[in-house]
Amino acid sequence: MTARTARTERTERYGDEIFSHTGKDERDRLSALADVLDPVSVDALAAPGPGSVRRCLELAAGTGSVALRMLDLFPSAHVTATELDLRFLEGMRGERLGVLRHDVTTDEFPEGSFDVIHVRYLLHHLPDRAEVFGRIVRWLAPGGRLVIEEPALFSLEAARDEVYRRVSLGALRVLADRIGTDCTDWGLDLPRTAAAHGLTGIGLRTTVPTVAYDTPMGRFWRLTLDHLGPGIAALPGVHTDDVPTVLDRLSRPGFIEMGMATVTLTATKPAF
Ligand SMILES: C[S@@+](CC[C@H](N)C(=O)[O-])C[C@H]1O[C@@H](n2cnc3c(N)ncnc32)[C@H](O)[C@@H]1O
Numbered sequence: 001m002t003a004r005t006a007r008t009e010r011t012e013r014y015g016d017e018i019f020s021h022t023g024k025d026e027r028d029r030l031s032a033l034a035d036v037l038d039p040v041s042v043d044a045l046a047a048p049g050p051g052s053v054r055r056c057l058e059l060a061a062g063t064g065s066v067a068l069r070m071l072d073l074f075p076s077a078h079v080t081a082t083e084l085d086l087r088f089l090e091g092m093r094g095e096r097l098g099v100l101r102h103d104v105t106t107d108e109f110p111e112g113s114f115d116v117i118h119v120r121y122l123l124h125h126l127p128d129r130a131e132v133f134g135r136i137v138r139w140l141a142p143g144g145r146l147v148i149e150e151p152a153l154f155s156l157e158a159a160r161d162e163v164y165r166r167v168s169l170g171a172l173r174v175l176a177d178r179i180g181t182d183c184t185d186w187g188l189d190l191p192r193t194a195a196a197h198g199l200t201g202i203g204l205r206t207t208v209p210t211v212a213y214d215t216p217m218g219r220f221w222r223l224t225l226d227h228l229g230p231g232i233a234a235l236p237g238v239h240t241d242d243v244p245t246v247l248d249r250l251s252r253p254g255f256i257e258m259g260m261a262t263v264t265l266t267a268t269k270p271a272f
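Under this note's numbering, residues 1 to 272 are what the sequence shown spells out, in order.
Here is the structure:
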């Protein structure tokens, strides 16, 4: 059983049930993801880029950690942080920080509104991701920079622990079936997608974090597998005790494996 087999029609959207911000561990899960990836995101955002950065957009900001880092990275800029669910961004507004409820699949910004746009771990969950990518490029000002970060499952396929591999790929199978998530091709195709939209100066970094009981990726993955456990257990080829076995291994010293990879793409919209 892999996450690569053809997917059926999705039955819900991100946040309806799966990964709802009302879930008991969802804030912790997103904080763990931020602990894994914020240093990578900050590196990508801090690389020399557009001369003067006055307008930044953090799409699907989650807990808002990157939006806050943008305030430091771009001291002359106004940062707009958007989310479908603003629950974890409450109290974050400030003189240079706007918080906006915005559905990236339907809500617009005027063309050329932002000098820097960052979006992490969102488009792979959206079935209309290709169209959304095109709209994000339109929102970028000429000369502006896009940083987009998405997961890729190849490192999970290479994991040595068979039960961990089966359960981890099972989690991505559940997401593909229920909300239309693509952790297989979308992230790896980002350089081609960016080039096809006329973006230049394309840079790529791939990060494969360690999963163990005391790493941020270990925490993120344990909470993710716990959340999706019943769906994973119902998949063909998954044994009854697989999910509890992996959750137990992720909760104690001794287990160490590769986690899901993240592809970080930086690209620039030509000035003319
Ligand atoms: C996996 S989380 C990533 C959060 C944050 N970008 C990060 O990397 O820490 C995906 C986020 O996208 C938000 N989201 C889902 N669908 C969205 C949509 N259509 N428009 C805007 N945000 C959306 C969710 O509420 C959730 O906070």
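The C-beta atom is built at its ideal place from N, Cα and C for all residues, glycine as well.
Residue i and residue j closer than 8 Å at C-beta
i, j, result
"residue 53", "residue 116", "yes"
"residue 227", "residue 134", "no"
"residue 104", "residue 60", "yes"
"residue 150", "residue 187", "yes"
"residue 272", "residue 75", "no"
"residue 67", "residue 58", "yes"
"residue 217", "residue 36", "yes"
"residue 236", "residue 180", "no"
"residue 71", "residue 96", "yes"
Rounded distance between the beta-carbons of residue j and residue i, thought under 8 Å
i, j, result
"residue 219", "residue 32", "4 Å"
"residue 146", "residue 137", "7 Å"
"residue 155", "residue 261", "4 Å"
"residue 242", "residue 167", "5 Å"
"residue 204", "residue 269", "In fact, because the Cβ distance is near 17 Å, the residues do not count as touching under 8 Å."
"residue 263", "residue 152", "5 Å"
"residue 64", "residue 77", "Contact doesn't hold; Cβ gap of about 16 Å is too wide."
Unbroken beta strand (DSSP E) run spanning residue i, endpoints
i, result
"residue 256", "First-last for residue 256: undefined, no H or E at that position."
"residue 98", "97-101"
"residue 58", "55-59"
"residue 150", "140-152"
"residue 203", "200-207"
"residue 265", "261-268"
"residue 83", "78-83"
When the options are compared against residue i, the one with the closest alpha-carbon
i, options, result
"residue 100", "268, 112, 85 and 245", "85"
"residue 20", "68, 87 and 11", "87"
"residue 195", "98, 130 and 65", "130"
"residue 244", "229, 211, 255 and 234", "229"
"residue 215", "252, 65 and 233", "252"
Residue i, enclosing alpha helix (DSSP H) - first and last residue
i, result
"residue 111", "Where residue 111 is concerned, there is no enclosing alpha helix (DSSP H), given that its DSSP letter is neither H nor E."
"residue 224", "216-233"
"residue 91", "Per DSSP, residue 91 belongs to no alpha helix (DSSP H) and is neither H nor E."
"residue 162", "162-179"
"residue 40", "26-46"
"residue 243", "242-249"
"residue 105", "Neither: residue 105 is in no alpha helix (DSSP H) and is coded neither H nor E."
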